[in-house]
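If you read the protein sequences in the order shown, they are chains A and B. Under our numbering, the residue at position 106 of the first sequence is numbered 106, and the numbers go up by one with no gaps. If you want our numbering, it's the position in the second sequence, counting the first as 1, plus 203.
2 protein chains.
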Amino acid sequence: MSLREKKKYDTRNRIFEISGRLFKEKGFENTTVDEITKEAGIAKGTFFNYFPTKESLLHYFQEQKEEVIFNILESQMSLNAPAKEKVKNFFILLAEYYEKDKTLLRLLFLEHKRSIIASGQRSAGKQHWHERQQRFICILSDFLKEGVEKGEIKNRIDLKIASETLHAIYFHSLMKWLHSDTDCSFSGDLSARVDLVFEGIGE
Amino acid sequence: MSLREKKKYDTRNRIFEISGRLFKEKGFENTTVDEITKEAGIAKGTFFNYFPTKESLLHYFQEQKEEVIFNILESQMSLNAPAKEKVKNFFILLAEYYEKDKTLLRLLFLEHKRSIIASGQRSAGKQHWHERQQRFICILSDFLKEGVEKGEIKNRIDLKIASETLHAIYFHSLMKWLHSDTDCSFSGDLSARVDLVFEGIGE
DNA sequence: CATAGAATGTGACCGTAGTCACTGATGACC
DNA sequence: GGTCATCAGTGACTACGGTCACATTCTATG
Numbered sequence: 001m002s003l004r005e006k007k008k009y010d011t012r013n014r015i016f017e018i019s020g021r022l023f024k025e026k027g028f029e030n031t032t033v034d035e036i037t038k039e040a041g042i043a044k045g046t047f048f049n050y051f052p053t054k055e056s057l058l059h060y061f062q063e064q065k066e067e068v069i070f071n072i073l074e075s076q077m078s079l080n081a082p083a084k085e086k087v088k089n090f091f092i093l094l095a096e097y098y099e100k101d102k103t104l105l106r107l108l109f110l111e112h113k114r115s116i117i118a119s120g121q122r123s124a125g126k127q128h129w130h131e132r133q134q135r136f137i138c139i140l141s142d143f144l145k146e147g148v149e150k151g152e153i154k155n156r157i158d159l160k161i162a163s164e165t166l167h168a169i170y171f172h173s174l175m176k177w178l179h180s181d182t183d184c185s186f187s188g189d190l191s192a193r194v195d196l197v198f199e200g201i202g203e
Numbered sequence: 204m205s206l207r208e209k210k211k212y213d214t215r216n217r218i219f220e221i222s223g224r225l226f227k228e229k230g231f232e233n234t235t236v237d238e239i240t241k242e243a244g245i246a247k248g249t250f251f252n253y254f255p256t257k258e259s260l261l262h263y264f265q266e267q268k269e270e271v272i273f274n275i276l277e278s279q280m281s282l283n284a285p286a287k288e289k290v291k292n293f294f295i296l297l298a299e300y301y302e303k304d305k306t307l308l309r310l311l312f313l314e315h316k317r318s319i320i321a322s323g324q325r326s327a328g329k330q331h332w333h334e335r336q337q338r339f340i341c342i343l344s345d346f347l348k349e350g351v352e353k354g355e356i357k358n359r360i361d362l363k364i365a366s367e368t369l370h371a372i373y374f375h376s377l378m379k380w381l382h383s384d385t386d387c388s389f390s391g392d393l394s395a396r397v398d399l400v401f402e403g404i405g406e
């Protein structure tokens with residue numbers, strides 16, 4: 001690695017670390033780019049050489065988190081269990097991982113989401129978000145498919161609709177939990193909802 | 204109405220109309236407060252006498268829409284029909300109303316949502332949003348309760364969980380539809396998902 | 001009609017995200 | 001080692017949302 005490359009790498013990392021710390025300490029909105037660059041000992045313009053916007057930082061934090069999450073998930077996915085258990089397990093693993101650091105997650109998730117919405121129709125962030133959802137839904141869909149083959153799930157069910165619905169429930173629980181101040185259990189809430197969808201409401 | 208009151212009313216309306224038009228024409232982010240006030244023939248400060256922030260305008264647009272929606276809904280709610288049909292009807296009425304003006308809705312909904320997220324933990328916007336959701340869930344819960352009494356719905360179901368789940372599905376469909384460019388049917392999508400939840404996935 | 005005081009309007013001003021034309025450091029090549 | 005093209009660094013500058021002390025307009029009252 002040349003000197004130039006090393007410096008670049010270091011600066012980027014420095015911005016990343018400092019902004020991460022400041023965001024946690026003071027919140028995203030209350031941390032200015034000036035503060036970050038001042039603490040990093042660089043000029044304001046330099047910040048924008050590395051990250052196109054202040055919000056884009058969150059995008060990278062998010063990516064870092066996801067790396068970890070998907071590794072956890074993939075290590076558990078090949079378990080031999082009924083489809084319903086697999087789905088629950090999948091959700092609970094995610095939930096437990098999230099429950100470890102609600103504050104950070106709230107920051108990453110809500111601000112990141114906000115930025116995607118704000119940046120309008122076609123943006124890299126939105127694209128990435130969409131892909132992430134698809135990956136999520138695919139995993140669920142695979143579980144359900146297995147379930148159909150094993151006769152645990154009605155075979156007249158549209159797998160796309162079903163896995164999307166499960167995803168919707170996951171998302172809803174997540175949002176509810178993120179917005180709640182009380183410490184209601186995210187994984188417990190999810191579990192009840194998955195049961196409901198598997199059983200059905202109707203008599 | 205005194206002259207003062209009339210002027211106030213007029214100014215407020217003027218801001219409202221002009222900003223609505225500009226938002227539709229150029230989008231929310233691309234419309235500046237300066238533009239709005241210039242076109243309205245008032246000073247910048249005056250704008251903020253009427254609306255605490257630029258985003259708060261969206262809050263009022265949203266309220267205006269909701270007025271109409273809840274009137275439509277209430278006129279249809281007392282119909283005598285199976286619970287499932289009532290839920291579907293409820294959703295479809297909403298969907299059809301929304302489908303009339305996707306662009307405006309997308310603007311109102313996404314930006315409004317964004318602003319709620321952005322404004323952090325405790326804001327009037329968030330409070331109002333939360334109340335709206337509760338109202339929504341209550342209506343669904345009433346339908347389901349009736350369904351239980353009429354034996355159409357399993358009585359071991361937790362009504363809160365069930366109505367929240369239906370709401371989650373509604374919300375998911377709405378978001379999917381708002382983000383899609385293709386003209387997939389919002390009401391059709393919802394209908395399939397309600398069927399799924401009533402029937403259940405499991406064999 | 002005169003006047004006081006309240007309601008409303010005003011625009012210079014502030015803080016912050018983001019830009020850009022210029023400067024300085026780096027390394028490939030001779 | 002000297003030269004020059006390239007790439008990162010810089011900070012004054014712009015744009016925009018939002019504020020505030022002061023100016024203007026309206027109205028209640030004698």
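Glycine is no exception: its CB is placed at the ideal position from the N, C-alpha and C atoms. Since the structure is predicted, the reported quantities are computational estimates derived from the model, not experimental observations.
- For A:L105, none of the residues of chain B pass the 9 Å Cβ criterion, the least Cβ distance being about 14 Å.
- For A:L58, not one C-beta of chain B is nearer than 9 Å to its own C-beta.
- At the C-beta level, B:F264 and B:L297 stay beyond 9 Å of one another.
- For B:G405, the pairing in a beta bridge is given by DSSP as A:I153.
- The Cβ neighbour count for A:H59, taken over all protein chains shown within 10 Å, is at least 16; the residue is labelled buried.
- When 8 Å is used as the limit between beta carbons, A:T165 is near these residues of chain B: I372, H375, R396, L399, V400, in chain order.
- Collapsing the DSSP output to three states places B:E258 in coil.
- Contact between A:E39 and A:I72 is ruled out by a C-beta separation of about 33 Å, above the 8 Å threshold.
- Distance from A:L144 to A:A192 at the Cβ level is roughly 19 Å; contact not present, criterion being Cβ atoms closer than 8 Å.
- Annotated three-state conformation of B:D361 is coil, per DSSP.
- In summary, B:E228 is exposed, with fewer than 16 beta-carbon neighbours lying within 10 Å of its beta-carbon over all protein chains present.
- By the neighbour-count criterion, in which 16 or more other beta carbons inside 10 Å mark a residue as buried, A:I69 falls on the exposed side.
- Inclusion of A:Y170 and A:L196 in the CB contact set at 9 Å is not warranted, their separation being larger than that value.
- Cβ-Cβ distances below 7 Å link A:F23 to T31, L107 in the same chain, with the five nearest sequence neighbours on each side left out; the list follows chain order.
- If you draw a 10 Å sphere on the C-beta of A:E149, you find fewer than 16 other C-beta atoms in it, and that means exposed.
- Neighbours of A:K154 in chain B, taken as residues whose beta carbon is under 9 Å from its own, are E402, G403, I404, G405, E406 in chain order.
- Neighbours of A:I161 in chain B, taken as residues whose beta carbon is under 7 Å from its own, are A395, R396, L399 in chain order.
- Neighbours of B:D345 in chain A, taken as residues at a C-beta separation under 9 Å, are lacking, since the least C-beta distance is about 14 Å.
- Here A:S2 is exposed: its Cβ has fewer than 16 other Cβ atoms, across all protein chains shown, within 10 Å.
- In the three-state reduction of the DSSP assignment, B:F231 falls in the coil class.
- Going by DSSP, B:I295 is part of the alpha helix (DSSP H) stretching over 286 to 302.
- Fewer than three pairs of CB atoms, one per stretch, sit closer than 8 Å, so the stretch 357 to 371 of chain B makes no contact with the stretch 152 to 163 of chain A.
- Secondary structure at B:G391: helix, using DSSP grouped into helix, strand and coil.
- The three-state reading of DSSP puts B:M204 in coil, since its state is none of H, G, I, E or B.
- Rounded to whole angstroms, the separation of the alpha carbons of B:N216 and B:K210 is 10 Å.
- Close partners of A:K24 in chain B (Cβ separation under 8 Å) are lacking, with about 15 Å as the shortest Cβ gap.
- Shown here, A:S141 sits in a helix according to DSSP, grouped into three states.
- Those residues of the stretch 258 to 289 of chain B placed with their C-beta closer than 7 Å to a C-beta in chain A are K287, ordered along the chain.
- DSSP places B:D213 within a helical segment (H, G or I) once states are collapsed to three.
- A distance below 9 Å separates the beta carbons of A:G200 and B:G403.
- Spatial neighbours of A:L105 in its own chain (CB-CB distance under 6 Å, excluding positions within 5 residues in sequence) are listed in chain order as Y98.
- For B:N283, no alpha helix (DSSP H) run applies, since DSSP gives it neither H nor E.
- The Cβ atoms of B:I218 and B:Y253 sit closer than 9 Å to each other.
- Excluding the 5 residues flanking it on each side, B:F389 has same chain C-beta neighbours closer than 8 Å at A298, Y301, E302, S376, L377, W380, in chain order.
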